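Structure, as structure tokens:
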Amino acid sequence: MSYDLAVWEGERPADDRAAARFFNDLYDRYIGGEVDEPPSERIAAYVAALLERWCELIEDEEDTSPWSTGPLISEASGPLIYFPIRWNMAAEASAYAAAVAESMGLICFDPQHNRLRP
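What follows is the structure in structure tokens.
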């Protein structure tokens, strides 16, 4: 079981409801669609920032990485990354991921609860 987060570029939606609609549109276009677009520079920089704290799952010899997939950048397409976090590390890793997104001017959305983070 995993906890998913979505992070994207753009203006912060007015509320959680608008964010959910925006996320669904982005997901359909970039993740669920047939077009495979490379991650934007900002999303690639975001992933690099996350990996400064925790290593890639595929490099995790000490079982300390919170990611449920690897390489993490493979979950990104265009201006969006939608990625799973191991359930037992979800609180710490999602809080950190949301804080990094905010510091980089990105939008963080929790699809489990349909709400913006932080």
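Under UniProt numbering, read the sequence shown as residues 1 to 118, first letter to last. Note that the Cβ used here is the ideal one computed from N, Cα and C, for glycine as well. Small disclaimer: the values here were computed from a predicted structure and weren't measured.
Put simply, the backbone Cα of ALA14 is about 11 Å away from that of ARG115. In the three-state DSSP reduction, LEU26 falls in the helix class (H, G or I). In this structure, TYR30 lies away from SER68, with their beta-carbon atoms at least 8 Å apart. Between GLY10 and PRO118, the gap from beta carbon to beta carbon reaches 8 Å or more. A straight line joining the alpha-carbon of TRP54 with that of ALA95 spans about 14 Å.
Between LEU106 and VAL35 the beta-carbon gap is near 21 Å, outside 8 Å, which marks them as no contact. Assignment of ASP110 by DSSP, reduced to helix, strand and coil, places it in the strand class. The Cβ-Cβ distance between LEU72 and GLU61 does not fall below 8 Å.
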